[in-house]
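Undergrad: Below is the structure I would like to discuss, written out as structure tokens.
Residue numbers (the working numbering): -1 to 122.
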């Protein structure tokens, strides 16, 4: 059974993180580490160049990642709970990875406590 208080807590978390801007933090960090001074447009230009270099060095495809981001953005993720949850889950995965926490194990343990998924018993 869905706990209304749990839903409220999750909504509160989503509301709290909705105002944060990772882009601003990224630009500020890049500015500090690369010493890029200038207007924001110039800083973004240099940051994109560095991200392209990083992708090439890792064998990633910047254009594919950019296209995926554009598709997600075009769907207007702002204000949509599913999109907000997706973004928060990405953040939690990254956080857990940096702290050597097994998020998959946590999810499995939670699912063991609450095996109901969208009104259907996951164990059935």
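Virtual Cβ for every residue (Gly too), placed ideally from N, Cα, C.
Looking at the secondary structure, which residues open and close the alpha helix (DSSP H) in which residue 126 lies?
TA: The chain is shown only over -1 to 122; residue 126 falls outside these bounds and no answer can be derived.
Undergrad: Should the segment 53 to 60 be called in touch with the segment 38 to 45, which here means at least 3 C-beta pairs below 8 Å?
TA: The segment 53 to 60 vs the segment 38 to 45: no contact.
Undergrad: Could you give the DSSP three-state label for residue 57: helix, strand or coil?
TA: Residue 57 falls in the coil class under three-state DSSP.
Undergrad: Pull up the distance between the alpha-carbon of residue 3 and that of residue 51, whole angstroms please.
TA: Their backbone Cα atoms lie some 46 Å apart in a straight line.
Undergrad: Would you mind sorting residue 68 into buried or exposed? The rule is 16 or more other CB atoms within 10 Å of its CB.
TA: With fewer than 16 other Cβ atoms within 10 Å, it is exposed.
Undergrad: Residue 82: buried (16+ other C-beta within 10 angstroms of its C-beta) or exposed?
TA: Burial call: buried.
Undergrad: What are the start and end residues of the alpha helix (DSSP H) that includes residue 107?
TA: It spans 101 to 111 - the alpha helix (DSSP H) in which residue 107 sits, taken as one unbroken run.
Undergrad: Classify residue 98 as helix, strand or coil using the three-state DSSP reduction.
TA: Here residue 98 sits in coil by DSSP.
Undergrad: Quick check: what's the CA-CA separation for residue 111 versus residue 28?
TA: If I take the Cα positions, the gap works out to 42 Å.
Undergrad: For residue 94, collect the residues of the same chain with a Cβ closer than 6 Å to its Cβ; drop the 5 residues on either side in sequence, then sort them by chain order.
TA: The answer, listed in chain order, is 101.
Undergrad: In whole angstroms, what is the alpha-carbon distance linking residue 80 and residue 8?
TA: Straight-line Cα distance between these residues: approximately 12 Å.
Undergrad: Just to check my reading of the structure: residue 86 and residue 23 have Cβ atoms closer than 8 Å, yes? What is that Cβ distance to the nearest angstrom?
TA: Residue 86 to residue 23, Cβ: 16 Å. No contact.
Undergrad: For residue 25, collect the residues of the same chain with a Cβ closer than 7 Å to its Cβ; drop the 5 residues on either side in sequence, then sort them by chain order.
TA: Excluding positions up to five away in sequence, the list reads 38, 41, 42, 45.
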